[in-house]
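A short worksheet on the structure shown next.
Protein chains: 2
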Amino acid sequence: MSKEDIGITVSKNKDFSEWYTQVVLKAKLADYAPVKGLIVLRPDGYSIWESLRSTFDRKFVSNGIRNGFLPILIPESLLGKEKKHFAGFNPEVFWVTHSGENEVGDRLALRPTSETLAYTLYSKWIQSWRDLPLKINFWNTALRAEIKGTKPFLRTSEFLWQEGHTVHASQEEAEKEVMKILEIYKNTVEEELGIPVTIGKKSEKEKFVGAVYTTTMESIMPDGKALQMGTSHFLGQNFSKPFEVKFADIDNVEHFAWQTSWGVSWRLIGAMIMTHGDDQGLVLPPKVAPIQVVIVPIYKNDEGKDKILSKVEEIRKNLELKEIRVHIDDRSELSPGYKFNDWELKGVPIRIEVGPKDIEKQSIVIAKRYNREKSSLSFTEIGKISTILDEIQESMLKTAREQAKANTKNITEYTEFKSKIEEGGFFCAPWCGKLECEEKIKEETGADIRVIPFGSENTNKKCMYCHEQSISIPIFAKGY
Amino acid sequence: MSKEDIGITVSKNKDFSEWYTQVVLKAKLADYAPVKGLIVLRPDGYSIWESLRSTFDRKFVSNGIRNGFLPILIPESLLGKEKKHFAGFNPEVFWVTHSGENEVGDRLALRPTSETLAYTLYSKWIQSWRDLPLKINFWNTALRAEIKGTKPFLRTSEFLWQEGHTVHASQEEAEKEVMKILEIYKNTVEEELGIPVTIGKKSEKEKFVGAVYTTTMESIMPDGKALQMGTSHFLGQNFSKPFEVKFADIDNVEHFAWQTSWGVSWRLIGAMIMTHGDDQGLVLPPKVAPIQVVIVPIYKNDEGKDKILSKVEEIRKNLELKEIRVHIDDRSELSPGYKFNDWELKGVPIRIEVGPKDIEKQSIVIAKRYNREKSSLSFTEIGKISTILDEIQESMLKTAREQAKANTKNITEYTEFKSKIEEGGFFCAPWCGKLECEEKIKEETGADIRVIPFGSENTNKKCMYCHEQSISIPIFAKGY
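Listed below in structure tokens is the structure:
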């Protein structure tokens, strides 16, 4: 295979969509499955998901949340209980009609989400105030048939996600939980993936149909499109009433409980690829990189090979003691140049080069993936690599924040909005709160209200569409 | 709820099946889902699975195995490629025929196992010897419609498991992998779950239909029935040929690869419940217990309450520093007796009681769940609890070994076999190796060859059925 076949052949700026697909496939994160709309994760892709899962799990546990397991099949009859919520999923549901040769009586849905199933069980499990709060998270997949073009991590018919479902004795406690989760989401995405997010509420039109309100975190991608990164819903008693999730309080009076649900999916990995990747391929934030440091020993005709390899081994041990994930690329018959390209394509945060001259100078060459800077580090300074990884992590978030800022504009005039929306970006524009204006804007420009940022409410401006008094300054954008 | 409703109401010896179901449900490990054949895991049940998963993952990683993700839907057309292997699953397959209102062209199977899907991809991913070995494990669920009665963890239509699929350049390397995995399985089940297993090969009749041979680990349960605990298959080139899993060797000659597949499921949790549980409920091996030590503070009318609670808090901190999972049961309005029963039902390995008299005597009471022994420990000896947990873990395996040994009999005469098989147990009996005898024995007694233990081959005895020269001494038993 020639270098051209292996590397990324289009520029991120020129053909973003093709660039994205090439990065996913060529960095070996994922591949297409034989069924349209479905993908497979290869070890490097799944490893990023495992890293996120373990960070979320740690934070969920310290918030009193535990994990459980729900089956994938939900009987059609159960779905009827909360028709309004489920109706939105109907066109996307995969239906099981047969087991072996036999027709199943009540058709079985592959879960598009598990509210109905979880709350049927919660209603059995919860009897008294002693059973509350009940906070369970499920790491599973959801299935929603996607008719439009498949995009790994962004638009697939089955996707990995977590869905949390909590039950509380009071409205106040449930609403606090909604916000607590949204904060966990925001911190994790910013600190682990280096992607800045804007948090706030969805409009009535855009909220999860079963929710009283939906909080969301949204990000703007380099191509100017918005991506929903995760949602945390306050369900109020919308489900506890039809599903009879009730509890006897200390005074023995029965109440309907207050509920929340929330989820993030592997879409976060898609956001990470889009935010940080470049024309050479993937760029991984150190915290989630399966390999954080790759060491490439360089020698010709075995000259100085032993010295180089023993130094490389020493560095590996040194770094592993600091819990850095290291890999030595000692593949024979491949040139250093080939290896450099290969690891750049795969986005490994730091490459270390050790050749005969480096041994002479008692130093190594360090190449940072994210800005492609090279520098040298003396043998005595190897310990600094931990700090360098931390700095890379911070710099990546900082750069992404600057990108996002440059892609965010304040707008007051609808004519200006219309002329600029095609370029893409986040547009902060005052809104009267009326569905009519929201729908007209969508119809005329294709842009939705992505999020009404916290703190943007109660503004004293004019709706950009109808010029009536505004109630908030939502972010409008075209979305994925 | 009265104590009777909460506790186990049947004896393990009297009605094993009902006892088992009560333990699973009342210890809150699992519950039935609204679809026949499906169960839900509650946090205590899922936590045991997570603990096993993390132990297996650690061992897999150090054996060079990485995790990936496969979708749940497999097109019917793909299944045709290896008809022989798939035919066995046919009556159990759930079929998706519709997405939304639309009929899907090629019916989609919910995976009963992923060989066909994985190897379709492997065939793309593997080009040269550099891509080998390829060793990927998938933590997912498999679906096989169970027509017979549902039994949580033992017989369910969807089950959590891992399926590993490895590809090698040589037969020798693949066969080594098969054994390496079987060893990991055996060690983990014995060390973590305290269940002794017998390892060996399946007969031709009982092997996985796609395999050249199947290695297995089997255990005998207290009711005398055998349980298959995990299998590791040598697939030879049975799949690499139809799926074209080929590689160019160093000399550039193309070869079909050698493959293995292997899996364990949440059935292991069922085995743990059956092996260790008693009439009071669940008994958890310390290593997998979500809570290892529960502390019950005991006081009446707040007498000495402050001193007791501060001591209890001190013990908790002390134990948590040693990474012991501790819980303080400070629920008000519940008697110590109620709490003792509750934690015994849930199988927590150690209960610590701290009351006014204990404070006086500068000691605590320790109750071990597995043998229900009580002893006292002075305040200065709290550090010994780590060791006590280790001792419990070892004793539980030791006891289980004795149980298994008592349930294993050597048999040479078929008449004796027939008279004893109804009592249950493992029967080691010489066999000529012929399918005909194996089938006759099954037909006449209901017993299968569960495993041909390693080292039992080449025996110089007479087949218990036909009296011809035996080739091995398999274990015969009735199974789950």
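These protein sequence lines are chains X and E, in that order. Residues are numbered in the numbering used here as their position in the first sequence, beginning at 1, plus a constant of 49. Residues are numbered in the numbering used here as their position in the second sequence, beginning at 1, plus a constant of 49. Heads up, the beta-carbon is just placed ideally off N, CA and C, and yes, glycines get one too.
Exercise. Mind checking Gly504(E): buried by the 16 CB within 10 Å criterion, or exposed?
Worked result: Gly504(E) is exposed by the Cβ-count criterion.
Exercise. Apart from the five residues just before and just after Glu195(X), which ones in its own chain have a Cβ nearer than 6 Å to its Cβ?
Worked result: The beta carbon of Glu195(X) sits closer than 6 Å to the beta carbons of Gly86, Arg204, Ser206 from its chain, once the five residues preceding and following it are set aside; these are given in chain order.
Problem set entry | Contacting positions in the stretch 79-105 of chain X - beta carbon closer than 8 Å to chain E | Close to chain E, meaning a Cβ-Cβ distance shorter than 8 Å, are the following residues of the stretch 79-105 of chain X: Asp80, Ala82, Pro83, Val84, Leu87, Ile88, Val89, Leu90, Arg91, Pro92, Gly94, Tyr95, Ser96, Trp98, Glu99.
For this session: Determine, using beta carbons only, whether Ile415(X) comes closer than 8 Å to chain E.
Result: Closer than 8 Å: no.
Exercise. Comparing the C-beta of His516(E) with each C-beta of chain X, is any distance below 8 Å?
Worked result: In terms of beta-carbon proximity, His516(E) stays away from the interface with chain X, with every pair separated by 8 Å or more.
Exercise. Pick from Met323(E), Cys481(E), Gln308(E), Phe305(E): whose alpha carbon is nearest that of Ser268(E)?
Worked result: With distances taken between CA atoms, Ser268(E) lies nearest to Met323(E) out of Met323(E), Cys481(E), Gln308(E), Phe305(E).
For this session: Tell me, please, whether the CB atom of Ile322(E) is closer than 8 Å to any CB atom in chain X?
Result: False, the Cβ-Cβ gap to chain X never drops below 8 Å.
Exercise. What does Glu207(X) touch in chain E if you count any residue whose Cβ is under 8 Å from its own?
Worked result: Residues of chain E with a Cβ closer than 8 Å to the Cβ of Glu207(X) are, in chain order, Pro120, Ile121, Leu122.
Exercise. Would you call the CB atoms of Ala79(E) and Val89(E) closer than 8 Å?
Worked result: Between Ala79(E) and Val89(E), the gap from beta carbon to beta carbon is short of 8 Å.
For this session: Per DSSP, which residues does Cys477(E) bridge with? Please list them.
Result: Answer by DSSP bridge pairing, in chain order: Asn459(E), Ile524(E).
Problem set entry | Secondary structure of Ser60(E), DSSP reduced to three states | Coil at Ser60(E), not helix or strand.
Problem set entry | Partner residues on chain X for Leu127(E), Cβ-Cβ distance less than 8 Å | Those are Pro83, listed as they occur along chain X.
For this session: Spatial neighbours of Gly610(E) within its chain, please: CB distance less than 8 Å, with the 5 preceding and 5 following residues excluded, ordered by chain position.
Result: This structure leaves residue 610(E) out entirely; chain E is present only between 50 and 529.
Exercise. Any idea what DSSP makes of Arg193(E), helix, strand or coil?
Worked result: DSSP places Arg193(E) in coil when its eight states are reduced to three.
For this session: Please report the residue range of the alpha helix (DSSP H) in which Gly432(E) lies.
Result: No alpha helix (DSSP H) holds Gly432(E); DSSP gives it neither H nor E.
Exercise. Using a Cβ-Cβ distance under 8 Å, would Ser505(E) count as near chain X?
Worked result: Taking 8 Å as the CB threshold, Ser505(E) stays off the interface with chain X.
Exercise. What residues in its chain sit with their C-beta under 7 Å from that of Ser412(X), if we drop five residues either side in the sequence?
Worked result: Cβ within range, chain order: Ser425, Leu426, Ser427, Phe428.
For this session: Write down the C-beta distance between Leu159(X) and Val145(X) rounded to the nearest angstrom, noting that I regard them as a contact closer than 8 Å.
Result: Between Leu159(X) and Val145(X), the beta carbon gap of about 7 Å places them in contact (Cβ cut-off 8 Å).
Exercise. List, in order along the chain, the chain E residues whose C-beta lies closer than 8 Å to that of Gly56(X)?
Worked result: Chain E residues near Gly56(X): none, gap ~17 Å exceeds 8 Å.
Problem set entry | Closer than 8 Å at the beta carbon, the chain E residues around Phe149(X) | Position check: residue 149(X) holds Gly in this sequence, whereas Phe was assumed. For Gly149(X), the neighbours in chain E by C-beta distance under 8 Å run, in chain order, Asn139, Pro140, Glu141, Val142, Ala194.
Exercise. In angstroms, rounded to a whole number, what distance separates the CA positions of Arg102(E) and Phe187(E)?
Worked result: Looking at the two C-alpha atoms, the distance is approximately 11 Å.
Problem set entry | Extent of the continuous alpha helix (DSSP H) run through Asp106(X) | Membership of Asp106(X) in the alpha helix (DSSP H) is indicated by the continuous run 92-111.
Problem set entry | Segment contact flag, the stretch 113-124 of chain E with the stretch 93-108 of chain X, C-beta cutoff 8 Å, min 3 pairs | With a cut-off of 8 Å, the stretch 93-108 of chain X and the stretch 113-124 of chain E count as touching, because enough Cβ pairs lie within range.
Exercise. Looking only at its own chain, which residues have a Cβ that is under 6 Å from the Cβ of Pro523(X), when we skip the five neighbours before and after it?
Worked result: Excluding residues within five positions, the ones whose Cβ falls inside 6 Å are Trp480, Ile498, Ile501.
Exercise. Is the CB of Asn116(E) under 8 Å away from at least one CB in chain C?
Worked result: Checking the listed chains, one finds no chain C in this structure; the protein chains it contains are X and E.
Problem set entry | Where Tyr529(E) sits in the DSSP three-state scheme | Looking at Tyr529(E) - three-state DSSP - the assignment turns out to be coil, as it is neither helix nor strand.
Problem set entry | Collapsed DSSP secondary structure at Met278(E) in the structure displayed | In this structure, Met278(E) counts as strand in the three-state DSSP scheme.
Problem set entry | Short-range partners of chain E found in the stretch 163-194 of chain X, where Cβ spacing is below 8 Å | Of all residues in the stretch 163-194 of chain X, only Leu166, Thr169, Leu170, Lys173, Trp174, Arg179, Ile185, Thr190, Leu192, Ala194 come within less than 8 Å of chain E when Cβ atoms are compared, listed by chain position.
For this session: Under the assumption that Tyr419(E) contacts Val332(E) (Cβ atoms under 8 Å), give the Cβ distance between them as a whole number of angstroms.
Result: Yes, they are in contact, since the Cβ atoms of Tyr419(E) and Val332(E) sit about 5 Å apart, within 8 Å.
Exercise. Roughly how many angstroms lie between the CA atoms of Ile248(E) and Lys410(E), to the nearest whole one?
Worked result: Annotation: Ile248(E) to Lys410(E) spans about 50 Å, alpha carbon to alpha carbon.
For this session: Please state if the CB of Pro335(E) and the CB of Leu231(E) are separated by a distance shorter than 8 Å.
Result: No; because the gap between Cβ atoms is not below 8 Å, this pair is not in contact.
Exercise. Hey, does Thr264(E) have any beta-carbon neighbour from chain X nearer than 8 Å?
Worked result: No, its Cβ sits nowhere closer than 8 Å to a Cβ of chain X.
Exercise. The beta strand (DSSP E) with Glu267(E) in it runs from where to where?
Worked result: 262-269 is the extent of the beta strand (DSSP E) around Glu267(E).
Exercise. Going by C-alpha distance, which of Ser281(X), Glu226(X), Lys225(X), Glu239(X) is nearest Lys251(X)?
Worked result: With respect to the C-alpha of Lys251(X), the residue from Ser281(X), Glu226(X), Lys225(X), Glu239(X) having the closest C-alpha is Ser281(X).
For this session: Sort out for me which residues DSSP pairs Val403(X) with in a bridge.
Result: Answer by DSSP bridge pairing, in chain order: Pro346(X).
Exercise. Counting Cβ pairs closer than 8 Å, one from the stretch 204-224 of chain X and one from the stretch 154-170 of chain X, do we hit at least three?
Worked result: In short, these stretches touch, since the Cβ pair count reaches three.
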